[in-house]
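This report concerns only the one structure given below.
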Amino acid sequence: MRNLLYSAHWRMVVILLIAFAGRLYRLQSQSIWFDEGWSAFAAVQPTLRDAITADPTNPPLYYTLLNISTSGFGDSVFALRIISVFLGLLVIPLSYQLAHRLFGKSTGLYAALLATFSPLLLWASQEARMYSLLAVLTLVAAIAWHQLINREYLLAWIILWSSELALLYAHNTGPVIVLWLNMVTFLFWIHRHSPHHPSWRLWMVGQIAVGLFWSPWFITRFLDLQQANSTVNSPPQINFALFSRIWQAFWTGPWEMVGHVDTIVALSGIALVIAVIIIPWRQATIRWLMLHVGISIFGLLLGLTILGNEMHGRYQVMITPFLLVAIGAGIARTRLVQFRLVILGLFGLIFFVSLQAAQNPLYGHDDTRAIVDYYRASLNADDTVLAWSYADRYELAYYWDRMNVTANRVTLPEGADFDTIQPLLPESGRVALNVWYTQRADFRGMMSCILGHGTRNVPEKFVTYGMENQLYDADRSPLAERHSAEFTFLDGFTTIAQVTAITEFPVSTADRAVCVPVEIRTLTTLDVDLKAVVIVRNHLHQEIARADAVFAQADQRTSSQVVVGSMLTAFPLLRLPYGTPPGEYDVVMRIYDETRMPSGYDVLSADGTQRTKDLLLGQWHVVPGASWSTTNRETDLPSAVDLLVNDSLRLIAHNMTQETTQSVNGGMINPAFLWRGDGALPELLLQAEDESWQIIIPPSIDSPHDDVTLDWRNAQIPLDAPAGDAFVKLPNGAIIARYHIEELPAIYERPDVDLLLDDVIPGVGTLEGLRIHEESFRLETPLEVTLLWRADETPDESYTVFAQLLNQDGILIAQSDSIPAQGTRPTTGWRRGEYIIDTHQLRFNDNAAPGPATLIVGMYESISGTRVILDESGTDFLSLPVQIEIR
Numbered sequence: 014m015r016n017l018l019y020s021a022h023w024r025m026v027v028i029l030l031i032a033f034a035g036r037l038y039r040l041q042s043q044s045i046w047f048d049e050g051w052s053a054f055a056a057v058q059p060t061l062r063d064a065i066t067a068d069p070t071n072p073p074l075y076y077t078l079l080n081i082s083t084s085g086f087g088d089s090v091f092a093l094r095i096i097s098v099f100l101g102l103l104v105i106p107l108s109y110q111l112a113h114r115l116f117g118k119s120t121g122l123y124a125a126l127l128a129t130f131s132p133l134l135l136w137a138s139q140e141a142r143m144y145s146l147l148a149v150l151t152l153v154a155a156i157a158w159h160q161l162i163n164r165e166y167l168l169a170w171i172i173l174w175s176s177e178l179a180l181l182y183a184h185n186t187g188p189v190i191v192l193w194l195n196m197v198t199f200l201f202w203i204h205r206h207s208p209h210h211p212s213w214r215l216w217m218v219g220q221i222a223v224g225l226f227w228s229p230w231f232i233t234r235f236l237d238l239q240q241a242n243s244t245v246n247s248p249p250q251i252n253f254a255l256f257s258r259i260w261q262a263f264w265t266g267p268w269e270m271v272g273h274v275d276t277i278v279a280l281s282g283i284a285l286v287i288a289v290i291i292i293p294w295r296q297a298t299i300r301w302l303m304l305h306v307g308i309s310i311f312g313l314l315l316g317l318t319i320l321g322n323e324m325h326g327r328y329q330v331m332i333t334p335f336l337l338v339a340i341g342a343g344i345a346r347t348r349l350v351q352f353r354l355v356i357l358g359l360f361g362l363i364f365f366v367s368l369q370a371a372q373n374p375l376y377g378h379d380d381t382r383a384i385v386d387y388y389r390a391s392l393n394a395d396d397t398v399l400a401w402s403y404a405d406r407y408e409l410a411y412y413w414d415r416m417n418v419t420a421n422r423v424t425l426p427e428g429a430d431f432d433t434i435q436p437l438l439p440e441s442g443r444v445a446l447n448v449w450y451t452q453r454a455d456f457r458g459m460m461s462c463i464l465g466h467g468t469r470n471v472p473e474k475f476v477t478y479g480m481e482n483q484l485y486d487a488d489r490s491p492l493a494e495r496h497s498a499e500f501t502f503l504d505g506f507t508t509i510a511q512v513t514a515i516t517e518f519p520v521s522t523a524d525r526a527v528c529v530p531v532e533i534r535t536l537t538t539l540d541v542d543l544k545a546v547v548i549v550r551n552h553l554h555q556e557i558a559r560a561d562a563v564f565a566q567a568d569q570r571t572s573s574q575v576v577v578g579s580m581l582t583a584f585p586l587l588r589l590p591y592g593t594p595p596g597e598y599d600v601v602m603r604i605y606d607e608t609r610m611p612s613g614y615d616v617l618s619a620d621g622t623q624r625t626k627d628l629l630l631g632q633w634h635v636v637p638g639a640s641w642s643t644t645n646r647e648t649d650l651p652s653a654v655d656l657l658v659n660d661s662l663r664l665i666a667h668n669m670t671q672e673t674t675q676s677v678n679g680g681m682i683n684p685a686f687l688w689r690g691d692g693a694l695p696e697l698l699l700q701a702e703d704e705s706w707q708i709i710i711p712p713s714i715d716s717p718h719d720d721v722t723l724d725w726r727n728a729q730i731p732l733d734a735p736a737g738d739a740f741v742k743l744p745n746g747a748i749i750a751r752y753h754i755e756e757l758p759a760i761y762e763r764p765d766v767d768l769l770l771d772d773v774i775p776g777v778g779t780l781e782g783l784r785i786h787e788e789s790f791r792l793e794t795p796l797e798v799t800l801l802w803r804a805d806e807t808p809d810e811s812y813t814v815f816a817q818l819l820n821q822d823g824i825l826i827a828q829s830d831s832i833p834a835q836g837t838r839p840t841t842g843w844r845r846g847e848y849i850i851d852t853h854q855l856r857f858n859d860n861a862a863p864g865p866a867t868l869i870v871g872m873y874e875s876i877s878g879t880r881v882i883l884d885e886s887g888t889d890f891l892s893l894p895v896q897i898e899i900r
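For the sequence shown, the working numbering begins at 14 and goes up steadily by one.
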């Protein structure tokens with residue numbers, strides 16, 4: 014017996030030495046991250062009282078230990094993490110003790126080995142946080158509890174109560190373990206048919222005493238955790254995927270690796286199969302042990318749901334030793350030595366694969382050290398770094414002085430709106446916006462919009478793992494005033510939101526960005542996230558710039574997360590294209606969502622009589638004075654050239670390809686040119702190769718322009734142009750682009766249709782007939798409809814045809830919006846008297862259900878979305894006489 018004990022003793026020494034070496038490996042390689050920054054802040058407080066109150070969101074026990082430790086060893090990265098190393102080492106002999114007491118020495122050694130090579134326990138041992146402490150205290154409580162159910166000792170009671178109290182003051186998940194202990198004790202009393210062992214009186218007295226000692230923290234801090242921790246409520250979504258991730262986390266280091274490393278996913282699946290097979294489920298002690306695991310996970314999920322926090326692998330550190338003990342018991346009872354070695358080899362393989370994968374920076378800590386080094390190299394004392402958080406960004410503060418950063422650092426309060434943020438913004442100097450991906454502090458993009466407003470350059474970006482920095486120029490401007498508005502957006506005939514405030518557009522040069530905040534009020538319960546797209550159009554009604562932004566509250570709740578009547582704001586930031594000339598530009602907005610209505614909801618005109626997709630926000634008056642050549646921007650025109658026009662003007666880019674472009678008679682071409690110089694812009698010539706026809710394409714600008722000028726033009730190929738090639742030429746005859754014109758045949762005899770109609774779209778044409786495919790009256794397939802149009806005019810406007818299905822309540826359930834004939838026959842190319850076959854695929858949305866439906870058809874201006882009015886009563890659609898029953 015003595016030799017056996019001696020052998021087990023030295024085996025444990027060897028195991029601990031291996032574990033110690035593994036936990037020291039690359040201990041200082043990763044940066045201090047946000048949570049560790051808070052630990053560092055508490056560690057250097059001058060008194061224990063200051064350390065205790067340093068973090069309002071976490072109990073103080075770990076911070077107290079860390080403060081004591083760093084007072085002697087300093088606050089280097091090594092010194093901050095070494096206490097976790099020693100706590101992680103302590104988990105190993107405690108796992109041995111629990112396994113030894115329950116199943117014997119052999120199980121204890123296997124449990125110690127598994128704990129040594131546990132990726133999750135190793136990861137927790139290398140982080141300056143309290144999760145290894147939780148594992149230690151949970152094991153101590155479990156050992157004491159199992160002692161009490163066998164034989165009651167006063168010392169065991171004291172250890173149990175002390176470990177419970179310590180757990181409550183170690184982390185906010187501590188109550189889960191205390192509730193777990195109470196639950197399994199209650200179940201044990203039921204199983205034994207007696208509450209006298211362990212004594213219910215002592216149990217109740219102890220739990221009341223523990224609760225009383227914890228009550229100061231519970232009353233002053235714990236009850237406010239949901240508000241203090243985060244402004245975004247993101248509880249775990251209970252589903253199979255979550256439990257799969259929970260199991261993977263037991264065999265993975267950083268939580269970020271879960272589900273992303275295929276090898277670990279596969280190995281964790283093998284581990285599950287082996288665990289199910291080898292764990293001795295028939296033993297009552299094993300069933301109790303696994304009940305501990307199951308109840309603890311359930312308690313974690315329940316607690317995180319109440320607090321509104323996401324599940325994370327770090328919360329499983331304190332549960333992991335129980336699972337390892339159960340697996341160790343299964344290995345110990347395996348008779349074949351070779352099979353034991355195979356199982357141990359598998360878990361060793363999981364450890365080394367996880368260890369290797371964890372070297373990838375994508376799975377490491379947020380690289381605060383790298384981004385602070387960027388601030389050191391890029392910023393000076395006149396510049397400011399803005400960082401979001403519900404508390405100070407202590408991880409930035411940790412490296413700030415160590416790296417001699419001279420810039421100012423300002424922490425913005427998470428969940429604060431514009432009125433709170435504005436006084437905190439610097440009035441001069443460059444601004445570096447720290448974007449921390451973990452902290453969803455600016456979902457709607459308010460800071461990028463505010464800081465970008467009035468700037469000439471796009472922000473310089475620096476990206477490191479976990480964070481991004483956006484560096485804004487010092488020449489930003491204050492936002493323009495917002496004024497009240499009342500415009501209603503509709504889903505079919507249901508009002509969904511009302512615009513309540515929009516922004517005045519400033520007079521500015523074209524190289525300056527403009528922030529366009531828009532405020533809405535929800536009018537109904539929504540299950541989609543509304544977004545705003547703000548569009549700038551030139552004199553040809555072409556879209557030249559756009560910006561999207563999500564509508565959200567200051568706490569980042571979107572339209573699908575708020576109640577009716579809530580106010581939400583979107584913050585789009587507009588930048589005009591490189592070289593935009595002076596002039597007047599219409600700015601419109603569409604409200605849409607990405608699933609149900611990606612093309613945009615209808616908005617009523619100011620008098621409430623007309624529907625359109627676009628809400629006119631105002632005109633952007635652009636004045637001369639832009640200095641494009643000194644910005645850090647470039648043109649997005651695809652073809653770079655260098656053609657001399659005259660001594661004061663050069664053509665430097667255009668949007669036409671060097672290869673021949675296909676077009677048709679009656680088709681529109683929309684060339685864009687970028688000129689450098691202050692000379693007058695020339696007329697261009699669109700000419701047939703055989704010179705049978707030609708068109709002058711005049712410049713869009715006849716007034717003074719800036720040093721770089723973007724010039725949008727358009728021209729229509731004659732309706733009677735024969736097939737052949739045509740060229741775009743400069744005045745000196747230089748060819749810029751070549752077009753091959755195909756002669757589009759006109760249909761002047763009416764094709765056969767299923768239903769004859771005679772519905773006029775004024776100024777465009779007549780809907781002559783309809784063909785509808787009854788076999789497609791099913792929800793699982795798009796509804797196919799073919800419309801037959803007769804051209805009565807050749808409009809100057811291009812119109813989009815909409816075909817929609819409304820259910821019997823008038824709610825939109827399917828739609829198709831397109832230029833006629835799948836985009837090939839715009840109305841600007843219609844020839845009087847010809848027929849156009851226009852087929853649509855109406856796709857069903859989430860509102861669709863079996864039942865009767867009505868088909869309506871109409872047109873709207875492709876640019877503005879304004880519907881064509883059909884008669885004096887203001888009707889803007891045709892209701893077609895066809896019976897549709899969706900199956």
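Think of the CB as a built atom: it goes at the ideal place given N, C-alpha and C, for glycine as much as any other residue.
Note that this is a predicted model, so its numbers are computed, not measured.
query, result
"With DSSP collapsed to three states, give me the class of His204.", "helix"
"Is DSSP giving Ser402 helix, strand or coil here?", "strand"
"What would DSSP say about Lys626, mapped onto helix, strand or coil?", "coil"
"In its own chain, which residues sit with a C-beta less than 8 angstroms from the C-beta of Thr571, not counting the 5 before and 5 after it?", "Phe456, Asp542, Leu543, Val563, Phe564, Ala565, Leu581"
"Residues in the same chain with beta-carbon distance under 7 angstroms from Ile105, minus the five sequence neighbours each way, listed in chain order, please.", "Ile28, Leu29, Ala32, Ala125, Ala128, Thr129"
"Which partner residues does Cys528 have in the DSSP bridge list?", "Leu586"
"Going by CA-CA distance only, name the one from Leu61, Ser52, Ile748, Asp765 that's closest to Asp405.", "Ser52"
"If you reduce the DSSP assignment to three classes, tell me which class Thr244 lands in.", "Legend: pLDDT at Thr244 = 46, less than 50; position of this residue unreliable, value from coordinates given subsequently. Residue state, collapsed to three classes: coil."
"Can you tell me whether Ser875 is helix, strand or coil according to DSSP?", "coil"
"Are the Cβ atoms of Gly101 and Ser145 separated by less than 7 angstroms?", "yes"
"Grab the span of the beta strand (DSSP E) containing Ser811 for me, first residue to last.", "No beta strand (DSSP E) contains Ser811, which DSSP labels as neither H nor E."
"Output needed for Leu255: all residues of its chain with C-beta closer than 7 angstroms, excluding positions within five of it in sequence on either side, in chain order.", "Pro249, Met324"
"Quick one: is Phe352 buried, meaning 16 or more other Cβ sit within 10 Å of its Cβ, or exposed?", "exposed"
"Using the C-alpha atoms, what's the distance from Gly613 back to Ile824?", "15 angstroms"
"What does the alpha-carbon distance come out to for the pair Val57 and Asn421?", "22 angstroms"
"Are there 16 or more other CB atoms within 10 angstroms of the CB of Ala523, so buried, or fewer, so exposed?", "buried"
"Taking its Cβ as the centre, do 16 or more other Cβ atoms sit within 10 Å of Leu425, making it buried, or is it exposed?", "buried"
"Using a Cβ-based criterion (distance less than 6 angstroms to any ligand heavy atom), does Ala342 qualify as near the ligand GTP?", "By its list of ligands, the structure shown contains no ligand whatsoever, and the ligand GTP lies outside what it can speak to."
"Taking buried to mean at least 16 other C-beta atoms within 10 Å of its own C-beta, is Pro277 buried or exposed?", "Going by the sequence as given, residue 277 is Ile instead of Pro. It is buried - the Cβ of Ile277 has at least 16 other Cβ atoms within 10 Å."
"Using DSSP's beta-bridge definition, name the partner residues of Val600.", "Val549, Gly631"
"Say whether the segment 505-519 touches the segment 479-488, bearing in mind that this needs 3 or more beta-carbon pairs closer than 8 angstroms, one atom from each stretch.", "no"
"With three or more beta-carbon pairs closer than 8 angstroms as the criterion, would you say the segment 776-791 touches the segment 697-707?", "no"
"May I ask you to list the residues that DSSP assigns as paired with Gly782?", "Leu769, Leu801"
"According to DSSP, which residues form a beta bridge with Arg348?", "In DSSP, Arg348 forms no bridge with anything."
"To the nearest whole angstrom, what separates the beta carbons of Leu503 and Asp627, a pair I think is in contact under 8 angstroms?", "Not quite, the Cβ-Cβ distance comes to about 14 angstroms (not below 8 angstroms), so this is no contact."
"Using the Cβ count rule (16 or more neighbours within 10 Å means buried), how would you classify Pro863?", "exposed"
"Go ahead and label Ser42 buried or exposed: buried means 16 or more other beta carbons lie within 10 angstroms of its beta carbon, across all protein chains shown.", "exposed"
"From the DSSP output, read off the bridge partner residues of Thr722.", "Trp688"
"Is the number of C-beta pairs between the segment 631-651 and the segment 520-538 that are closer than 8 angstroms three or more?", "yes"
"Under the rule that 16 or more other beta-carbon atoms within 10 Å means buried, what is Thr538, buried or exposed?", "exposed"
"Can you find the residues in the same chain that come closer than 6 angstroms, C-beta to C-beta, to Gly465, ignoring five residues on each side of it along the sequence?", "Ala526, Leu586"
"Would the segment 370-387 and the segment 467-484 be scored as touching if the rule is three or more Cβ pairs under 8 angstroms?", "yes"
"Check whether the Cβ atoms of Leu122 and Arg24 lie closer than 7 angstroms to each other.", "yes"
"Just reading off the alpha helix (DSSP H) that Met217 is part of, what are its end residues?", "213-233"
"Do you know how far the Cα of Arg624 is from the Cα of Ile604?", "13 angstroms"
"Quick one: residues in its chain with C-beta nearer than 8 angstroms to the C-beta of Glu702, no 5 flanking neighbours on either side, listed in chain order?", "Gly737, Asp738, Ala739, Phe740"
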